[in-house]
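Protein chains in written order, with our numbering: chain A, 647 to 991; chain B, 277 to 427; chain C, 232 to 762; chain D, 47 to 674. Every residue gets a Cβ at the ideal spot worked out from N, C-alpha and C, and that includes glycine. Just below is one structure, and these are the notes that go with it.
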Amino acid sequence: MKKVTLTIDGLQLRADEGSTVLQAALANGLYIPNLCNHPDLVPAGLCRVCVVKVDDWKISISCKLPVKEGMVISTEDPEVQRIRKSTVELLVANHPMTCLTCSRDANCELQRVASYVGITQESLKRYRRSVRQLPIDSSNPFFDIDHSKCVLCGICVRTCDELQNINAIDYVRRGVHTTVGTLGNKPITQSCCESCGECVARCPVAALAPKESPISMREVKSVCTYCGVGCGILLGVRGEKVVGVRGDRDNPVNRGSLCVKGRYGFKFINHPDRLTTPLVRKDGVLVPASWDEALERVAANFSEHKGEQFAALASARITNEDNYLIQKFTRAVMQTNNIDHCARL
Amino acid sequence: MEERLQTVLAPYKGKRDMLIPILQQVQAALGYLPDDAMAEIARTTGLPESRVYAVASFYAQFRFTPRGKHTIMVCRGTACHVRGAEKILEETERTLGIVEGETTKDLEYTLETVACIGCCALAPCIMIDEDVEAKLTPKMVSEIITGRNTA
Amino acid sequence: MTNSIAEIGEAATILAVGTNTTQAHPVLALQVKKAARNGARLIVANPKKIDLCRHATLHLQHRPGTDVPLLMGMARVIVDEGLADMAFIQARCEDYEAFVASLADFSPERVAAITGVPAEQIVAAARMYAGYGPASILYCMGITQHSHGTDNVWAVSNLALLTGNLGKFASGVNPLRGQNNVQGSCDMGGLPNVYPGYQQVNDPKVREKFESAWGLSLSPDPGLTLGEVFDRMYDGTIKSLYLVGENPVLTEANANHAIAALKNLDFLVVQDIFLTETALLADVVLPAATFAEKDGTFTNTERRVQRVRQAIAPRGEAKPDWQIVAELAGKMGAKGFDFSGPEEIMVEIASLTPSYGGISYPRLEGAGLQWPCPDKDHPGTPTLHVERFGTASGKAKMIPLAFRDADELPDGEYPLVLTTDRSLFHYHSGSMTRRVAGLEQLNSEELLKINPRDAKALGLADKEMVQVTSRRGTMTVRTSLSQVCPPGLVSMTFHFAESPTNVLTNPARDPVAKIPETKVCAVRVDKIAQP
Amino acid sequence: MTFAEIQAQANLEWEALNNGGRPQITVGTATCGRSAGAMAVVKAFEEELQAKGIDAALVEVGCIGPCYAEPLVNIKKPGWATVSYRNVTAEMAREIVAAFLLGDDPLAKYALGVFGEGEIAGIPNILSTPAFKPQERRVFRNCGTIDPTNINHYIANDGYIGLNKALGMRQEEVVDVMKRSGLRGRGGGGFPAGRKWEAGLKAKGTQKYVVCNADEGDPGAFMDRAVIEGDPHSVLEGMIIAGYTIGADTGYIYVRAEYPLAIRRLERAIQQAHEFGFLGQNILGTNFSFEIRIFPGAGAFVCGESTALTLSIEGKRGMPRVAPRPRTTEVGLYDKPTLLNNVKTFSSAPMIITRGAEWFASVGTEKSTGTAIFALTGKVQNCGLIEVPMGITLRDIIYDIGGGIADGGQFKAVQTGGPSGGCLPESLLDTPIDYDSLDAAGSIMGSGGMVVMDEKTCMVDVARYFLDFTEIESCGQCVPCRLGTKQLLDILKDICSGRGKPEDMDLLYELSHSVHGGSVCGLGQTAANPVLTTLRYFRDEYEAHINDRCCPAKVCKSLISYVIDKEKCVGCTLCAKSCPVQAISGEKKKIHSIDQALCVQCGVCLEKCPKKFSAIACVSPKVKQEES
């Protein structure tokens, strides 16, 4: 990959040819505030928060600006700062001030840019506040859509289009009345939405927010237990409870993407129906028993049915190690090759 | 409605870039764009339903609720504005008992405003269906409308 | 899969046959849609107008069970139009002539008559697939779950070999494995005829290897397959069954027969995480740990072995399956089961399984490894068959094929064809997904997808409860009028215990793979008489 | 038929019409004429000619320009100069037929003037009147003189000569002529047309498009419609020449659906052009083929922006493409090279080719050649469409052509360029009309709207009005335009309703600059111009609103009261009867009074109060209840 050298705020840095100024800056640990940019998506250039000055004369957004050899970029130019500040002030003036009760508090891109450009109560006071009043769409069991918090970065629309190719949502109406919605603004569950939650995962604010977002204490890298694709996941754990799942962006299989089952289908793990003790049938009914009792009963019976009277069915759900031992048990201990599983279903 | 819709859509199977003309023709046929008509347009063209509505709701021409028999468009062009279009609009709203964008209960009139009819020299003016009423005063407006109703 | 998932997005042509990818493999489907978006030609061959058709260049809507004529018809066009990759065929294939001879019966016109796909579409598909490489074939249960599933698979591989679309980047034959570790359980010898790594049980050399490793003698006779096991249970030959993480009461074709077989056992042990419909029949139920409660590895559909890591302690007294088996073996006085943990088990696996030879936990950190990975320095194999095929000669056989229709065809009594598929929101027998309230809300009951025309003829409304009956059983379900099914075809999933689709399905098995024909059976749909 | 034969045939028809020895009556029946009652006049003439058995040609023509005089009728009687009659009614039509066609009395009292050869006592020659003297009719060359539905009329007036000539030139030669003519894009931006055509020619690609922007969205501009309705073939010819020049095979005309007549005229013209071989396969025997399609715009001002317009034709939301991006001439309609010009630009092309670059550049200024067309409206005597040489001053336009301020009012400001333009004060009346001078003054040429305002116009309200427009018309994709115009509007609304704060003026200024610098497209970048220019030239009005809660023009409702002058009121009860909210009380012959709490400032009472009393006055700031 060919490299070019450019200067941002006096800092000289190398960047891949064909990358954008914003990419170059972020790659070099240089933050340029931005809202509608997402690494997985084609730059849209709509929020205008990433404006910079190019070669000391031209104002441009950095997310669509290709790097050029010898380019000189300023993010601190007064004109840039003024445009950036008013733009963010406008967004905040039209955003509900409910951070304390917001699920994205402290993890919100709007908060981040606002504090970066130094928005103050004084500067905000001058503005006429107005927050769009639209009913929250809570039809989906996993996430809510709150238009009053939407900054119209379009990341959800582009995710549903560019990445998922589902197009359940798009821009609706125009101007200040623009919203993200479905045909006729029907509830999201009445659209072709597949509830994959990819848009929710990318929303920079809480316009698309999970219904439950308990804070996990640690994350464990693992593999999704559903279909054969084997998506890399990060299990969010709180105490002895799995409270969330995230796509693993480093995994080559799914690069962070998940489907509705993979992302939201984890609650069976801590479900009350889980079997927690062995059960043994006594007088026709299954009753709890100790491991010893249960295993001895099994051992006793299996010992009498070695060979062709016995068969084992392994599972396509359990690990390789589990399967290996079961077939070893069947072949070595039970002395038969009567082992199969539901590979064919 | 089904048949009318199908006749309009017949020539457009898979023609995604004809969406706007399609919407115009469907609205001409049905008077407005019901949700299920837009869903049918999506199926015919192969566009996502959301895209059909996204485009339809972007343009001022398209309506999603039934319209009155007649449309009164009050011109809000600059010339009309400086010659008192505001007062014309208010008087029209008062006479019809509805506000801009609404339709009278008897489905006789739908009241809209338009950026400019292009009769600036004859400002202020309104357009009732295809006829332009020019050089109006608030008084004339109420007379014209009540006159139409009695006639 | 002969290729990696990421390669699919780079293909110039994709033939997706017998796979409802967006529903059954949603994340892999992203690659298919990405390719289509970037201009790849996507040919969807499916009796139903599935969601993937929205992105398709061409939809071949063939009659269920006519995959062989469809694919052979394409092959015929490719040969006739001189689009075959003769260089590849000469270098790497066998029996080309015999194969070509068998194409005689598959003129586009005749194929059109059999499959219901217009001849010009068959020609167009053939030209696309042969003309724009790299071309990749995706298939799934729609190919395998037939009484002639093996023929279907051969037809697929014939097509790939014929055009040299095998053993190259983004170019190959890619069966999509249904369950998270179905690949792994096969790799591990969870099959009656092979040891881990597909080493034949009836191969003396192999058997000796395992006998010496395990320190005892082993049976030389291949065992019984799943369906056969149930038959032997039914006739009483098999008296004792150890059933781990399966729910055949819902998933077996002709479920009533399966239930009878289970009830006929002397002794049934079920090892699972929930008290499934099958576990209710057990004599002993052993509580297993979920994937989140144990360490180990899964092998995905692209042969990538990845680490599963314990996140939380097992619920209550539940234990990882390997541990249960080890303790059971211990109770039976067996040796060679005292492992400190999965990592140690993997050491033994690697030592006995050539294709896993180079796999060890340390090496699986990060992106995992794609087998074959014969030794500890081998980087793994993203694409199979690059130089040679895994046959004795190293060459791939092209198989002459004839058309065999489905085992059971619609008739006056059972006029409709029932085919089964999966819902995006549920997984297999639903024991896990149906316990997730949100998924249950998004899809809470079985729906019989039926074409509005058929519904009209039967006087059925949308969302009306009806009775569906086959020669084997009957069940009730709610209708869903939908253009997804063409007239004459109805479709259901099998996730819902309260409407067990598999009481209807046909157990007729493929002679080789022993897979039942759950994709085609004849049914009747009746209005439920209102009291 | 060869082009020569086509011409010969057309000239024959034209001659017969003009010098066939029978009287010719032409009535302007473009939209503005119709709304003034032209169709009734046509009907009256038909009936009258019938009744009186007069053999005369009755021709419907496009807009001649002076809308203030509509319906406008020209009568060309053999042996007489052509007489133009103004504000003709059906009644007058009958009178004229009787007096002038049967008799020899031209009815001077109804005449606007005469033109052509000869004079008539008591009627001035139109072209010598101040209203017409400064005008130079080029783009309007045929408007109002030919039947727009008759291609032969166009051909007989040098129509399609340019195309015929161009087809004989190399593409580079056409570009060269266009460049030397100095023609700048008439859509408002003023980008040199020749350079655009050159870019279109040089752009790589086999498939190219020509697009005509007839999405005349500016409130207060309607000249594009007049050109299309009055001379549609001039637009087609320009587009065909452009198509030949850049190597395109398809042209689109994006015209507002609100212009039904214009669309009908275009459809007719396209059909005729096909019949005559000016469109379709192998045009005029060459191997050049070209088709033109009409695309009725669905109503979005932003689609005047070229990238939004092309996306709209593709059936998408008209949201301008975001810079940095390639030019439309490289990546335009369907991502193919696209030459997009305004109606007037295209209709200028044929005469440039026919008469040469030098002829075109012979009028106008060095940097802005040719003529400019304005829709002169607002508080001016003579409203209408005017075509003047670039460089003429605003004062000449308003006071000579426009005949000064209407109703004896006082000039306050003139607004040019529509929502993207600005309001200029008295002090700038001598600014010459050209792209650069208007820019310098803080306004723009724009698409040619020119609205005159008098002392009864509130400049804060005007700014509010334009922001109201841009807020509605913003596509909403970028934050500065979507929320900036809204914020500006909210502030202006507050000021107009007496809730203004002293710091608002600074905020308006600051925001205006950010919206200008931050927005994606021209609409957003210029949205604040009305605010900036009014702030700059009419700051005192802002201060009056904010500090004194007073609207000097007495427009802003929340700041005005209607009061009854006790001395003047005679208790005629007219006002009370007409008040829609019964806010006026008082018995017959008793002094009336207005309940300010009830009054909605509709002004009907003022309108109703007989001039001889004029007892009702409008005052600002508001008065307290007891004072009234």
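Worksheet item: Where does Y305 of chain D fall in DSSP's three states?
Response: In the fourth sequence, counting from the first residue as 1, residue 305 of chain D sits at position 259. If DSSP states are grouped into helix, strand and coil, Y305 of chain D belongs with coil.
Discussion item. Rounded to the nearest angstrom, what separates G597 of chain C and N900 of chain A at their Cα positions?
Written reply: Your numbering for residue 597 of chain C matches position 366 in the third sequence. Your numbering for residue 900 of chain A matches position 254 in the first sequence. Each residue's Cα considered, the two are about 13 Å apart.
Worksheet entry | Span separating the alpha-carbon of S130 of chain D from that of A355 of chain B | Within the fourth sequence, the letter at position 84 stands for residue 130 of chain D. Within the second sequence, the letter at position 79 stands for residue 355 of chain B. For S130 of chain D and A355 of chain B, the distance between alpha carbons rounds to 26 Å.
Discussion item. So that I know if they touch, is there some Cβ in chain A lying closer than 7 Å to that of P414 of chain B?
Written reply: Mapped onto the second sequence, residue 414 of chain B falls at position 138. Against chain A, the CB of P414 of chain B has no partner CB under 7 Å away; the residue lies outside that interface.
Worksheet item: For G331 of chain D, which of helix, strand or coil comes out of DSSP?
Response: Within the fourth sequence, the letter at position 285 stands for residue 331 of chain D. DSSP places G331 of chain D in helix when its eight states are reduced to three.
Worksheet entry | Endpoints, beta strand (DSSP E) assigned at Y817 of chain A | Position 171 of the first sequence, counted from the start, is the residue given in the question as residue 817 of chain A. Start and end: 816 to 818.
Worksheet item: Where does N425 of chain B sit, in a helix, a strand or coil, going by DSSP?
Response: Mapped onto the second sequence, residue 425 of chain B falls at position 149. Of the three classes helix, strand and coil, the one that applies to N425 of chain B here is helix, per DSSP.
Practice prompt. Have a look at V797 of chain A and V851 of chain A and give me their C-alpha separation to the nearest angstrom.
Written response: In the first sequence, the residue the question calls residue 797 of chain A occupies position 151. In the first sequence, the residue the question calls residue 851 of chain A occupies position 205. Rounded to whole angstroms, V797 of chain A to V851 of chain A spans 8 Å at the Cα level.
Discussion item. For V436 of chain B, which residues in the same chain have their Cβ closer than 7 Å to its Cβ, ignoring the five residues on either side in sequence?
Written reply: Chain B is shown from 277 up to 427; residue 436 of chain B falls before or after that span and cannot be answered.
Worksheet item: Considering only residues of the same chain and omitting the five flanking positions on each side of I364 of chain B, which have a CB-CB separation below 7 Å?
Response: One-based indexing of the second sequence puts residue 364 of chain B at position 88. Residues V350, P400, I402, L412, P414, V417 of the same chain have their beta carbon placed closer than 7 Å to that of I364 of chain B, with the five preceding and five following residues left out of the count.
Fill in: Rounded distance between the beta-carbons of M629 of chain C and N784 of chain C, thought under 8 Å
Any property of residue 784 of chain C remains undetermined from this structure, which presents chain C solely from 232 to 762.
Item to complete: Verify whether the separation of the beta carbon atoms of E477 of chain C and L959 of chain A is less than 7 Å.
Response: Stepping through the third sequence from its first residue, residue 477 of chain C is reached at position 246. Stepping through the first sequence from its first residue, residue 959 of chain A is reached at position 313. Yes. Within cutoff.
Worksheet item: What distance in whole Å lies between the Cβ atoms of G111 of chain D and L431 of chain D, which are believed to be in contact at a cut-off of 8 Å?
Response: In the fourth sequence, counting from the first residue as 1, residue 431 of chain D sits at position 385. In the fourth sequence, counting from the first residue as 1, residue 111 of chain D sits at position 65. Rounded, the Cβ-Cβ distance is 5 Å, consistent with contact.
Practice prompt. Quick one: using the 10 Å Cβ neighbour count with 16 as the cut-off for buried, is S776 of chain A buried or exposed?
Written response: Taking the first residue of the first sequence as position 1, residue 776 of chain A is located at position 130. Per the 10 Å Cβ criterion, exposed.
Worksheet item: Hey, does I834 of chain A have any beta-carbon neighbour from chain C nearer than 7 Å?
Response: To locate residue 834 of chain A, count along the first sequence from 1; it is residue 188. Residue-level contact by beta carbon fails for I834 of chain A and chain C, as no gap is shorter than 7 Å.
Item to complete: From the DSSP output, in three-state form, read off V697 of chain A for me.
Response: The residue labelled residue 697 of chain A in the question sits at position 51 within the first sequence. Here V697 of chain A carries a strand assignment [DSSP, helix/strand/coil].
Fill in: Close beta carbons around V759 of chain A, own chain, < 7 Å, minus the five adjacent residues each side
Position 113 of the first sequence holds residue 759 of chain A. Cβ neighbours of V759 of chain A beyond the five flanking positions: P679, L681, V695, V734.
Worksheet item: Given that F330 of chain C touches chain A, what residues does it touch there, using C-beta distances under 8 Å?
Response: Counting from one through the third sequence, the residue named residue 330 of chain C turns up at place 99. Chain A residues near F330 of chain C: none, gap ~26 Å exceeds 8 Å.
Discussion item. With DSSP as the reference, identify every bridge partner of E384 of chain B, one or two as the case may be.
Written reply: By 1-based counting over the second sequence, the position of residue 384 of chain B is 108. Under DSSP, E384 of chain B takes part in no beta bridge, so it has no partner.
Worksheet item: Does DSSP put K399 of chain C in a helix, in a strand, or in coil?
Response: Within the third sequence, numbered from 1, the residue matching residue 399 of chain C stands at position 168. K399 of chain C falls in the strand class under three-state DSSP.
Worksheet item: If we call anything under 7 Å between Cβ atoms a contact, is L422 of chain D one with G448 of chain D?
Response: Position 376 of the fourth sequence, counting from 1, holds the residue named residue 422 of chain D. Position 402 of the fourth sequence, counting from 1, holds the residue named residue 448 of chain D. With respect to the 7 Å criterion, L422 of chain D and G448 of chain D are classified as neighbours on the basis of their beta carbons.
Discussion item. Need the endpoints of the beta strand (DSSP E) that S416 of chain C sits in, please.
Written reply: For the purposes of this step, residue 416 of chain C is taken as the residue at position 185 of the third sequence. Per DSSP, S416 of chain C belongs to no beta strand (DSSP E); it is in the alpha helix (DSSP H), 413 to 418.
Practice prompt. Could you please tell me which residues of the segment 636 to 667 of chain D, in chain order, have their CB closer than 7 Å to any CB of chain B?
Written response: Answer in chain order: C648, G649, V650, E653.
Discussion item. Only counting the same chain, and skipping five residues up and downstream in sequence, which positions put a Cβ closer than 6 Å to that of G326 of chain D?
Written reply: By 1-based counting over the fourth sequence, the position of residue 326 of chain D is 280. Take G326 of chain D, set aside five residues on each side of it, and the residues of its chain with a beta-carbon closer than 6 Å to its own are H320, in chain order.
Worksheet item: With contact counted as at least three CB pairs below 8 Å, one residue from each stretch, are the segment 271 to 279 of chain D and the segment 199 to 206 of chain D in contact?
Response: The segment 271 to 279 of chain D makes contact with the segment 199 to 206 of chain D: 3 or more CB pairs, one atom from each, lie closer than 8 Å.
Discussion item. Does chain A have any CB closer than 7 Å to the CB of E673 of chain D?
Written reply: Walking along the fourth sequence from the start, residue 673 of chain D turns up at place 627. Unreliable positioning characterises E673 of chain D in this predicted model, as indicated by a pLDDT of 49, which lies under 50. The coordinate reading is nonetheless provided below. The C-beta of E673 of chain D comes no closer than 7 Å to any C-beta of chain A.
Discussion item. What does the alpha-carbon distance come out to for the pair L302 of chain C and P349 of chain C?
Written reply: Position 71 of the third sequence, counting from 1, holds the residue named residue 302 of chain C. Position 118 of the third sequence, counting from 1, holds the residue named residue 349 of chain C. Roughly 14 Å separates the two Cα atoms.
Worksheet item: With C-beta atoms as the reference, is L605 of chain D less than 7 Å away from R595 of chain D?
Response: If you number the fourth sequence from 1, residue 605 of chain D lands on position 559. If you number the fourth sequence from 1, residue 595 of chain D lands on position 549. Yes, the pair counts as a contact, with Cβ atoms nearer than the cut-off.
Item to complete: Could you spell out where the beta strand (DSSP E) holding F500 of chain D opens and where it closes?
Response: The residue labelled residue 500 of chain D in the question sits at position 454 within the fourth sequence. Position check: residue 500 of chain D holds Asp in this sequence, whereas Phe was assumed. Where D500 of chain D is concerned, the enclosing beta strand (DSSP E) stretches over 495 to 500.
Worksheet entry | Helix, strand or coil at P112 of chain D according to DSSP, with G and I counted as helix | Walking along the fourth sequence from the start, residue 112 of chain D turns up at place 66. The answer is coil: DSSP assigns P112 of chain D none of H, G, I, E or B.
Discussion item. Suppose you measure from the CA of G908 of chain A to the CA of G675 of chain A; what does that come to, to the nearest Å?
Written reply: For the purposes of this step, residue 908 of chain A is taken as residue 262 along the first sequence, with counting starting at 1. For the purposes of this step, residue 675 of chain A is taken as residue 29 along the first sequence, with counting starting at 1. Near 32 Å, if we compare the C-alpha coordinates of G675 of chain A and G908 of chain A.
Worksheet item: Do the CB positions of A354 of chain D and G495 of chain D come within less than 7 Å of each other?
Response: Here residue 354 of chain D refers to the residue found at position 308 of the fourth sequence. Here residue 495 of chain D refers to the residue found at position 449 of the fourth sequence. Against a cut-off of 7 Å, the Cβ pair of G495 of chain D and A354 of chain D comes out as no contact.
Discussion item. Rounded to whole angstroms, what is the Cα-Cα separation between E362 of chain B and A136 of chain D?
Written reply: For the purposes of this step, residue 362 of chain B is taken as the residue at position 86 of the second sequence. For the purposes of this step, residue 136 of chain D is taken as the residue at position 90 of the fourth sequence. Distance between the alpha carbons of E362 of chain B and A136 of chain D: 32 Å.
Discussion item. Any C-beta of chain D within less than 9 Å: which residues of the segment 398 to 412 of chain B qualify?
Written reply: Of all residues in the segment 398 to 412 of chain B, only L398, A399, C401, M403, E406, D407, V408, E409, A410, K411 come within less than 9 Å of chain D when Cβ atoms are compared, listed by chain position.
Discussion item. Just verifying my parser: in three-state terms, what is the DSSP assignment at T283 of chain B?
Written reply: Along the second sequence, one-based indexing puts residue 283 of chain B at 7. Here T283 of chain B sits in helix by DSSP.
Discussion item. What would DSSP say about K867 of chain A, mapped onto helix, strand or coil?
Written reply: Start at 1 with the first residue of the first sequence, and residue 867 of chain A comes out as number 221. In the displayed model, K867 of chain A falls within a strand according to three-state DSSP.
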